[in-house]
Each structure stands twice: as structure tokens, then as C-alpha cells.
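Structure first, commentary second.
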Amino acid sequence: RALLDTGNTSISHICQYKNTFIRLPWRASERDQVLLDSIREQPKGPAIVYVTLQRTAEAVAGRLSAAGLPARAYHAGLKDEVRSAIQEWFMAADHAIVVATIAFGTGVDKADIRAVYHYNLPKSPGVCPT
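Following this line, the structure appears as C-alpha cells:
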């Protein structure tokens, strides 16, 4: 069961994964800090942060990098060779964070991914975070 606690309203959703946690900041301005805190609370390891827009991927990756984390943006607006280089970097790294649109993830077979974060809510309210 996943639970969204929005202060005055709670939204629960049955989810098939027992290790799924949802943290939803009350203010959008708190989202970056909640993400940064969540990443730092986890053991170091590969992680994916999903966003809905290309410009958001660039902005969030930039903020994570500025905070000293190994983060890169990945989206369909990048040249093929840049996307390939980022995917190769992620696959080879012990501690790497890819901030991506849905362009990333299909075909990624990496057994040691520590965490997947959804920076934006999914487009469909019935989607369970994976």
C-alpha cells in the first residue's frame, strides 16, 4: 500500500511492491530538498530520478551535481551519442544518478539499482511508482 500524505488529504493506493515509499512535499519549492535528502539517506549506488520534462531533467541534474552528487540528465532531446555515453557511464558506475524522462529505462538491465525516484507525479493517477 502506497500512501500520499498531502497534509489535509491522504491518498492511498494499493501497490504490488513492499519497498515502495512515497514522500510528497507540501510545497513545490521543497521538492529539490526532499529529493536531495532522500538520495543522501540511501546507501550509495546507482539511482534513477524520473521527471516529466526535458528541461526539468537538465535542471534537476544540475542541482544534484552542484550538491556534489554524480548526476547526469538523459532525455530524447540529447544527441544519440550523448545518450549512449550517459547510458554507458550509468551501467559501468558504482554510484551514478540519471535524471531522466521516460526515454531512459527501456532496456536498462542493471541489477544493482538502489533507488528510483519520481520527481513529478505520474501522468496517470493510477500508476504505481516502480
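Residue numbers (this note's numbering): 3 to 132.
In this text, a Cβ means the ideal position worked out from N, Cα and C, and glycines have one as well.
Note that the structure is predicted; figures quoted are calculated from it, not measured.
Using DSSP with H/G/I as helix, E/B as strand and the rest coil, what is residue i?
| i | result |
| --- | --- |
| isoleucine 99 | strand |
| arginine 74 | strand |
| proline 45 | coil |
| valine 36 | helix |
| isoleucine 88 | helix |
| alanine 117 | strand |
| aspartate 111 | coil |
| valine 53 | coil |
Taking a contact to mean a Cβ-Cβ separation below 8 Å, would you say residue i touches residue j in this structure?
| i | j | result |
| --- | --- | --- |
| valine 118 | tyrosine 52 | yes |
| arginine 116 | proline 72 | no |
| histidine 77 | threonine 103 | yes |
| isoleucine 50 | glycine 107 | yes |
| arginine 65 | aspartate 39 | no |
| alanine 94 | alanine 75 | no |
Quick check on this structure: which residue in the options has the alpha carbon closest to the alpha carbon of residue i?
| i | options | result |
| --- | --- | --- |
| lysine 46 | Ala98, His120 and Asp39 | Ala98 |
| aspartate 96 | Asp82, Ala87, Ser86 and Lys112 | Lys112 |
Considering only residues of the same chain and omitting the five flanking positions on each side of residue i, which have a CB-CB separation below 6 Å?
| i | result |
| --- | --- |
| phenylalanine 92 | Ala98 and Val100 |
| isoleucine 88 | Arg74 and Tyr76 |
With burial defined as no fewer than 16 other Cβ atoms inside 10 Å of the residue's Cβ, what is the status of residue i: buried or exposed?
| i | result |
| --- | --- |
| alanine 30 | exposed |
| leucine 37 | buried |
| glutamine 44 | exposed |
| alanine 68 | exposed |
| alanine 59 | buried |
Which residues in the same chain have their Cβ closer than 7 Å to the Cβ of residue i, if we skip the five residues on either side of it in sequence?
| i | result |
| --- | --- |
| leucine 123 | none |
| aspartate 114 | Gly47 and Pro48 |
| arginine 85 | Tyr76 |
I'd like the list of long-range same chain contacts for residue i, defined as Cβ closer than 8 Å, with 5 residues on each side in sequence excluded.
| i | result |
| --- | --- |
| glycine 79 | Gln56 |
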